[in-house]
Amino acid sequence: MERITRRDFIKQGVFVATAAGAILYLDPLDVFAKELPPAGESWLKAPCRFCGVGCGVKALVKDGKIAAVTGDELHSVNKGLLCIKGYSLPGILYGEDRLKSPAIRKNGRLKSASWKEALDLVASKFKETLQKHGPTAVAVYGSGQWTITDGYTAVKWFKGGMGSNNVEANARLCMASAVSGFMTTFGSDEPMGCYDDFDVCDAAVLWGNNMAEMHPVLFSRILENRRQRPNVKIVDIATRQTPTTDFADLSMVIAPQTDLALANCIAHLLAKKGALNRAFIEKHVVFKKGKENIGYGLEDKFSFKDEPQRVTLEDYVKFLEPYTPEYAAGLCKIPAEKIEQVTDLYARPETKVLSLWCMGVNQHTRGTWMNNLIYNLHLLTGKIGIPGSTPFSLTGQPSACGTVREVGTVSNRLPADRVVTDPEHRAVAAKIWNVPVERINDKPGYNAVEMFRALDRGDVKAIWIQATNPFVTLPHLNRYRNGALKEDRFVVVSDVYPTPTTETADVVLPSAMWVEREGMFGNSERRTQHWYSLVEPPKGCLPDDWQMIEVARRMGYGSLFPRDRKNYVKELYEEYRQFTLGTGKDLASYEELTKARGLRWPVVDGKETPWRYVEGSDPYVKKGEGLKFYKNKADEGRAVVWLRPYEKPPEVPDEAYPFWLTTGRVLEHWHSGSITRRVPQLHRAVPEAYVEMHPEDARDLGIQESNPVKLVSRRGEMTVKCTFHGKGKVPRGTVFVPFFDENYLINQLTLDAYCPISAQPDYKKCAVRIEKMVLG
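Quick note, this note's numbering runs 351 ahead of the 1-based positions in the sequence shown.
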């Protein structure tokens, strides 16, 4: 295919056409004229409730319930296609054990209570904790499933009201390394590309990313691209074979943690082959190195501060010299020829390369480094800011971007890339919130792992958990669950179904879910999407944000929030939007969002931005600049290529624990399974967890298909049935267990080591042994 340069792209005005075509406005009555429903029925729009792709759905409202969904064929994300979970959306609302009444623990048992009694108790306990122990003793732990206003309410109440930065979300467990990778490389979070890149790339290189199961709708766009242009290549780099591998032109099953060496080897070969784009580098790149041997976050109250230093291109090339194909191939346990093959894709100037990654890169004790190394490959070759050529970090939750990352529901951040340690950023927040600037604490709170360590120690006394299930999903699970059960801790859980986390709670609050309330999500391509409440929630259920507002009001913080529930979502959103204006992360107005199938920020004068940092697409790039990483002011609008070495993981197999354990998801279930296991067809498809083993490892241990085996790590043990014939295939010496099944808590075994820069835990590698169970 003829190469489209950045300059050609601007000249041809493709940006303008793409942006205009992507804004698809609905009829003011929000009906679909071509598919008018029968009397008494309505098809209404909403984004999907599952992963970060942000598919558009049409939901059939019948007799006050969601009776069915179909893909929205006019939505530019999915073009009418849904995955099996998307088609199962109605079922997640109507499980038989749906929580419909608050409950308070009395004499060791949860007893039904009124909303007034429950909210009064929560307010009383949080107020008492605040007065006795100060703002560091209260915490809220939310989710990438929070709507934007859920997250904004938590941030404003805790950081602007109580003066506590102990606001965290489960996205710390899945996307924090992506954030720190973006921030350290570009000075701003979230991708510069968009889903349009999937349709025009010449090669898709998947780093630790089982797209066929985890992001099937986006993967279908790559497959359709290859169907139309058979020369398109797919490369699968992973530690096990998955359904994605079946579609790959090149598969590289590498040893755990060796992706660092592989990426550095590719960069070494690019330099050796003369494939560096020196003109691009000179204009757009600086080089830096930071600390090495930085630890693994295993100690309580662990802290880390990098000390970056500027270096030269020559220093970088010298740093790469040890990463020869022979060295990297030996570590990765793959043929050196395969490294040469993937290098050629990045090296050829005419080949548009789309690099994609998710949990395999982010859930990594050097996750930030690995994000940096993927960006390096694009910056060294100039394969960025061109349609089809971009690094693209995928997300796993519907608003991990829009809520957690953009609103700032993590312990060190404020909205729109601001941080609590910056006095100017705190001043902006104080002005918008109309609170004294000194009320906003300048010290970051606890990250997610440290928050639950603090709960275990007693430094956190009261915690509110919403829209997540940490006592299934936290690593080294037994330690943190036991902390929540201690006598002087107060735990509040808001959820839609009973879970192992609600079992630890002193108060359980039933939440309205998805289209039972109004909300907004932000997806992986910076697209903010709005939906109206389409059905009433079960009687007794309230939205998470309104639950917090009611408690805040009882504690004396009512002036921070709207009093009228009818329009509060609009009021909160428009206030939050003030943080984004003029920053390069400008969000669309509430009114604009209600008329569109989502808009990609920055949105200026009603026009969305498909590609960031590129003239003709991004309104913040001036005429004649072409490409400008303008958010990275510290480096004069340049991106950073980092010198990041290969370092071993904190725990490796040995004689006592000879196998690698890696964990992950399956197509049919989502996260801890608390909603998908309530959907009969999904539950029937994969009714329980299992362990994937290599058949030769099983033979050596005398284990047969479906035999129960005991997995044992230094932290815990679990018995589960084994399989050699699952959808995935592990190499010898590795086992894989999905984490969706609360009856098989694999995170009892995982290690709570994390990336020191991002504080994201590594779920992909720890050491275990396998014991054959005696039957009968």
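All C-beta atoms, glycine included, are put in the ideal place defined by N, C-alpha and C.
Computed from a prediction, not measured in an experiment: that's the story for all the values here.
Cβ atoms of residue j and residue i: under 8 Å apart, would you say?
| i | j | result |
| --- | --- | --- |
| methionine 543 | tyrosine 981 | no |
| lysine 1123 | isoleucine 1054 | yes |
| valine 408 | proline 441 | no |
| threonine 945 | aspartate 937 | no |
| alanine 799 | cysteine 525 | no |
| isoleucine 725 | proline 1107 | no |
| threonine 593 | serine 1109 | no |
| proline 774 | alanine 781 | no |
| arginine 832 | threonine 855 | yes |
| serine 875 | leucine 745 | yes |
| tryptophan 558 | isoleucine 585 | no |
| arginine 995 | leucine 664 | no |
| valine 1017 | valine 991 | no |
| phenylalanine 1010 | valine 1119 | yes |
| glycine 949 | glycine 405 | yes |
| histidine 619 | leucine 671 | yes |
| proline 398 | glutamine 880 | yes |
| alanine 1049 | cysteine 1073 | yes |
| leucine 433 | glycine 422 | yes |
| lysine 640 | valine 604 | no |
| valine 518 | valine 506 | yes |
| alanine 487 | aspartate 810 | Residue 487 is actually threonine in this sequence, not alanine. A contact, by the Cβ cut-off of 8 Å. |
Nearest CA to the CA of residue i: which residue from the options?
| i | options | result |
| --- | --- | --- |
| asparagine 521 | Ser494, Phe533, Leu1018 | Ser494 |
| lysine 684 | Gln748, Gln608, Cys1117 | Gln608 |
| valine 761 | Asn516, Lys483, Phe533, Asn829 | Asn516 |
| methionine 899 | Glu1043, Val1030, Ala767, Pro861 | Pro861 |
| leucine 806 | Ala835, Val788, Pro826, Arg449 | Ala835 |
| glycine 909 | Ala630, Phe638, Thr504, Leu1062 | Thr504 |
| histidine 715 | Val636, Pro851, Tyr997 | Tyr997 |
| glutamine 579 | Lys890, His566, Phe549 | Phe549 |
| aspartate 666 | Pro1059, Trp993, Pro453 | Trp993 |
| glycine 1084 | Tyr1095, Ala1104, Lys1078, His1045 | His1045 |
| proline 826 | Asn763, Asp986, Gln1099, Pro749 | Gln1099 |
| lysine 457 | Val955, Val859, Val902 | Val859 |
| tyrosine 697 | Trp815, Cys552, Trp497, Tyr848 | Cys552 |
| phenylalanine 973 | Ala1007, Glu943, Gly935 | Reading off the sequence, residue 973 comes out as lysine, not phenylalanine. The option with the nearest alpha carbon to lysine 973 is Gly935. |
| threonine 1013 | Arg449, Arg629, Ser968, Met710 | Met710 |
| tryptophan 897 | Gly502, Ile417, Gln692 | Gly502 |
| aspartate 540 | Trp497, Val556, Val758 | Val758 |
| asparagine 723 | Asp414, Leu705, Asn615, Pro766 | Asn615 |
Following the continuous beta strand (DSSP E) through residue i, name the residue where it begins and the one where it ends.
| i | result |
| --- | --- |
| histidine 881 | 878-882 |
| glutamate 665 | Unbroken run through glutamate 665 is the alpha helix (DSSP H), 664-671; no beta strand (DSSP E). |
| leucine 411 | 407-413 |
| glutamine 817 | 813-817 |
| glycine 422 | 416-422 |
| methionine 526 | No beta strand (DSSP E) contains methionine 526, which DSSP labels as neither H nor E. |
| isoleucine 455 | 454-457 |
| serine 706 | 704-708 |
| threonine 1074 | 1068-1074 |
DSSP beta-bridge partners for residue i?
| i | result |
| --- | --- |
| glutamate 519 | Tyr492 |
| glycine 739 | DSSP lists no partner for glycine 739. |
| aspartate 1145 | As shown, the chain starts at 352 and ends at 1127. That puts residue 1145 outside it, with no answer to give. |
| aspartate 846 | Pro861 |
| arginine 904 | For arginine 904, which the question treats as bridged, DSSP gives no partner whatsoever. |
| methionine 534 | Methionine 534 is not bridged to any residue. |
| proline 398 | Gly407 |
| threonine 1085 | Trp1011 |
| alanine 990 | Val636 |
The alpha helix (DSSP H) spanning residue i covers which residue range?
| i | result |
| --- | --- |
| tryptophan 720 | 718-732 |
| proline 676 | 676-683 |
| cysteine 892 | Looking at the DSSP string, cysteine 892 is not in any alpha helix (DSSP H), and its letter there is neither H nor E. |
| threonine 694 | 687-698 |
On the premise that residue j lies in contact with residue i, defined as a C-beta separation below 8 Å, what is that separation, rounded to the nearest angstrom?
| i | j | result |
| --- | --- | --- |
| valine 866 | serine 884 | 7 Å |
| methionine 562 | glycine 753 | Rounded, the Cβ-Cβ distance is 21 Å, inconsistent with contact. |
| histidine 1034 | phenylalanine 1091 | Going by Cβ atoms, the distance from histidine 1034 to phenylalanine 1091 rounds to 10 Å, so no, they are not a contact pair. |
| isoleucine 783 | glutamine 929 | 5 Å |
| valine 823 | leucine 1102 | Contact flag wrong, Cβ pair sits at about 17 Å. |
| tyrosine 546 | valine 473 | Their Cβ separation, rounded to whole angstroms, is 41 Å, which puts tyrosine 546 and valine 473 out of contact at 8 Å. |
| glycine 1015 | glutamate 1043 | With 8 Å as the limit, glycine 1015 and glutamate 1043 do not qualify as a contact, their Cβ atoms being about 10 Å apart. |
| asparagine 763 | valine 770 | 6 Å |
| leucine 1062 | glutamate 1068 | 6 Å |
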